[in-house]
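Read top to bottom, the protein sequences are chains A and B.
In terms of our numbering, the first sequence opens at residue 847 and continues consecutively.
In terms of our numbering, the second sequence opens at residue 847 and continues consecutively.
Right, one structure below, let's go through it.
2 protein chains.
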Amino acid sequence: MSEINLSLDKVYQLAYDCMIANGCDHDNATALAETMTAAERDCCHAHGLFRLPGYAASLKSGKVKGDVKPTIKQLAPTVLQLDAHNGYAPLALKTAKQPLADCARQNGIAAMALIRVHHFAALWMEIEALAEMGLAAFAFTAYKPAVAPAGGSKPFFGTNPMAFGWPRKDKSPMVFDQASAAMARGEVMIAAREGHQLPEGVGITKDGKPTTDPNEVLEGAMLTFGGYKGASIALMIELLVGPLLGEAASFEAATRDNNDGGPPQGGELLIAIDPTKFGHPDDPFAHAEQLFAELLDQPGTRLPGERRHQNREKTEIEGINVPKSLIDKISELSA
Amino acid sequence: MSEINLSLDKVYQLAYDCMIANGCDHDNATALAETMTAAERDCCHAHGLFRLPGYAASLKSGKVKGDVKPTIKQLAPTVLQLDAHNGYAPLALKTAKQPLADCARQNGIAAMALIRVHHFAALWMEIEALAEMGLAAFAFTAYKPAVAPAGGSKPFFGTNPMAFGWPRKDKSPMVFDQASAAMARGEVMIAAREGHQLPEGVGITKDGKPTTDPNEVLEGAMLTFGGYKGASIALMIELLVGPLLGEAASFEAATRDNNDGGPPQGGELLIAIDPTKFGHPDDPFAHAEQLFAELLDQPGTRLPGERRHQNREKTEIEGINVPKSLIDKISELSA
């Protein structure tokens, strides 16, 4: 497959221009381009430029608004609600960050309920941003049915990622972001596009039979990681995003969505914790470094997210390779 | 193996008397007996009477105090800290429940940091108690190294359970409680005692080789559920219980513990959420029931915790069967 090398600045410009050409205002296009560039920078290509056609389609169909400004309300002393007014997640998350951090620092723990938001990227970005502000944080979001429940054979859960981050002094935060699906749906889509087989245990056919063919899995259902335990986590995420926030659980998002290829409307829950407010007799961050050092003392181990940071160091110098077919598609969409 | 049928009242009395005989005061013995009886009632035998010898050993060695009263401090508007003063978790959790619920109802979300506590039971009990008060809640605790990290081969993580609960009107709450180990350590100990083999993927020998022999796993290491994703959750729990609370991470608990067979000192983090404070335009609980109904509409599915509730209905009438060898041991300890 023919690929073209792009600098990260060029990736940003491509994404920004395409979003502007499709009706985004400057703030939304900036936030979207930052998000896609960060994904490409860390080699999470499934959340990078690969998403542009979906973003463009959802602007074209009118499902998502590219020119709206998120608003924030305080619902309770430690509960903030951000209404994205059917805009994209990146601007919503940029807007949510500081008020949530302030509320968590003041109270110890606080939550941000994002509603009417269209999320099409990774959760590690918002968690990394909060962790860089010195906060431990969780993020949860649902999607549309893609994953079979334990014992079932039809899609019910979204891929339902959860992310968690812990701040580190003088280092990038420790952040993991993992689908409760055995594999991220974007990765399955890329495997389908590139003609790769999937590992066993990732999904089933529409008749409920195990398969390693990504196209069969996209027509059938994905499975959760770790069997019924992953399914419990997927159910927890449905509850935290649907009934808790008053937003769509995955099965509801599907019925509301126009299937234009862009992100469905949904919710996202962020919980931020100020580790300096929990009574550590010494320094919680130094204590965590002892934990990390002890873990890394075992040969073969590494911290979650470490590979992303290694990729980052590389791509900031070398740029990234993008399939020419995708660049052609983006040029067409930006014309 | 010879077994004796006991009513739940008799289970309670056996546990209470044994704890009193070993130096507990009335409040601690009551809370411990309630906890062990609830475990037997739901057929979670690994946290029932099976734990009595360990509790007794830790009183005898002086590691745990059976006559202390937990105290609570407010560290921040939504952070409460319970110091168990080296007492057992059951009385600490009974004491923590109401202040945490009040703080969560007032603020929307709140945390309880339990420190200097000795936890030897399941987390679903405290989460069920909070959910019965109308709160969604998380619990996290660590232990002593038993589980190898992703890529490693030596015990580092505790079995590190997390639990989550959601309240249901007119029904028992939905509660799951799962070790980030592929299997609860208590279950491995029971398999060793009863001579059963373990499923594949549960553990490795002390040389890092896969095994299904529970004794080899107890000498070697357990594995996390779901590979590296379960390991991320195990690491998150270490951070939330150790560095966040200023308590022992699993690797530290091991060095402090006297290995008397009872529970090591550690911490536990509870987070409680009031679902009525998150801006649901209608009723979050009714919304959750729609989600559950849709899930259960798929043949073969059930909600987490359902088996426990079925056991409960049965054992409340029929009692439970306890190995005679364990009853003899308890009689000896109570003499």
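Backbone N, C-alpha and C fix where the C-beta goes; we use that ideal spot for every residue, glycine too.
How long is the line joining the alpha carbons of GLN1144(A) and VAL1021(B), rounded to whole angstroms? 35 Å
Note the first and the last residue of the continuous alpha helix (DSSP H) segment covering PHE1138(B). Start and end: 1130 to 1142.
Which bits of chain B does GLN927(A) rub up against, with CB to CB less than 9 Å? PHE1124 and GLY1125
Could I get the ranges of all uninterrupted beta strand (DSSP E) runs contained in the stretch 1057 to 1142 of chain A, with 3 residues as the minimum, in chain order? 1111 to 1119
Given a cut-off of 8 Å on the beta-carbon distance, is the pair ILE955(A) and THR941(A) in contact? no
Residue-chain proximity (GLU1140(B), chain A), Cβ-Cβ < 8 Å: With a threshold of 8 Å between beta carbons, GLU1140(B) makes contact with chain A.
Which class does ALA922(B) belong to by DSSP, given the choice of helix, strand or coil? strand
Determine which residues share a DSSP beta bridge with GLN1024(B) and list them. MET1008(B)
Suppose you measure from the CA of THR1122(B) to the CA of ALA957(B); what does that come to, to the nearest Å? 17 Å
Output needed for ILE1083(B): all residues of its chain with C-beta closer than 7 Å, excluding positions within five of it in sequence on either side, in chain order. Spatial neighbours of ILE1083(B) in its own chain (CB-CB distance under 7 Å, excluding positions within 5 residues in sequence) are listed in chain order as PHE986, ALA988, ASN1006, MET1008 and SER1026.
Determine the burial state of PRO1127(B): buried for a count of at least 16 other Cβ atoms within 10 Å of its Cβ, exposed for fewer. exposed
With 16 other Cβ atoms within 10 Å as the buried cut-off, status of SER1096(B): By the neighbour-count criterion, in which 16 or more other beta carbons inside 10 Å mark a residue as buried, SER1096(B) falls on the buried side.
What does the alpha-carbon distance come out to for the pair VAL993(A) and ASN874(B)? 45 Å
Taking any Cβ of chain A, which residues in the stretch 941 to 973 of chain B have a Cβ under 8 Å from it, in chain order? GLN952, ASN953, GLY954, ILE955, ALA956, ALA957, ALA959 and ILE961
Could you give the distance in angstroms between the alpha-carbon of GLY1113(B) and the alpha-carbon of ILE961(B)? 5 Å
ASN953(A) lies in the alpha helix (DSSP H); which residues open and close that run? Unbroken alpha helix (DSSP H) run through ASN953(A): 935 to 953.
Contacting residues, own chain, Cβ-Cβ under 7 Å from PRO945(A) (five flanking each side not counted): ILE918 and LEU926
Selection from SER1177(B), GLY980(B), GLY933(B) and GLN1043(B) that minimises the alpha carbon distance to ASP948(B): GLY980(B)
When the Cα atoms are used, what is the spatial distance from SER1177(B) to PHE1002(A)? Distance from the CA of SER1177(B) to the CA of PHE1002(A), rounded to the nearest whole angstrom, comes to 51 Å.
Per DSSP, what are the beta-bridge partners of HIS964(A) in this structure? TYR934(A) and GLN1111(A)
Is the Cβ-Cβ distance between LEU1115(B) and LEU1090(B) less than 8 Å? It is a contact, given that the beta carbons lie within the stated cut-off.
If CYS864(A) sits next to LEU1179(A), beta carbons under 8 Å apart, how far is it from one beta carbon to the other, in whole angstroms? 6 Å
Bridge-paired residues (DSSP) for THR803(A): There is simply no residue 803(A) to check, as chain A begins at 847 and stops at 1181 in what is shown.
GLN1156(B) CB to nearest chain A CB: under 8 Å? no
Do three or more CB pairs link the stretch 899 to 917 of chain B to the stretch 930 to 941 of chain B at distances below 8 Å? yes
Under a three-way DSSP split, which group does ALA1037(A) fall into? Here ALA1037(A) sits in helix by DSSP.
Among GLU1164(A), PHE1124(A) and VAL1168(A), which residue has its Cα nearest to the Cα of ALA959(B)? PHE1124(A)
What does a CB cutoff of less than 6 Å around VAL857(A) pick up in its chain, not counting 5 residues either side in sequence? THR883 and GLU886
What first and last residue would you give for the alpha helix (DSSP H) that runs through LEU1172(B)? 1170 to 1180
Closer than 9 Å by beta-carbon distance: list the chain B residues that pair up with HIS872(A), in chain order. Those within 9 Å of HIS872(A) in chain B number zero; the least Cβ separation is about 29 Å.
For PRO1109(B) versus ARG1102(B), is the C-beta distance shorter than 8 Å? no
Suppose the cutoff is 6 Å on Cβ atoms and the five residues either side in sequence are ignored; what does the same chain contact list for LEU1142(B) look like? none
Taking C-alpha atoms, which residue in PRO1056(A), ARG1148(A) and GLU1159(A) lies nearest to GLY998(A)? If we check each option's Cα against that of GLY998(A), PRO1056(A) comes out closest.
Starting from ALA985(B), trace the beta strand (DSSP E) both ways and give me its first and last residue. 982 to 987
Give a yes or no on whether 8 Å exceeds the smallest Cβ distance from GLY1182(B) to chain A. For chain B, the structure presents residues 847 to 1181; residue 1182(B) sits outside this window and is missing.
Would the stretch 1042 to 1059 of chain B and the stretch 966 to 978 of chain B be scored as touching if the rule is three or more Cβ pairs under 8 Å? no
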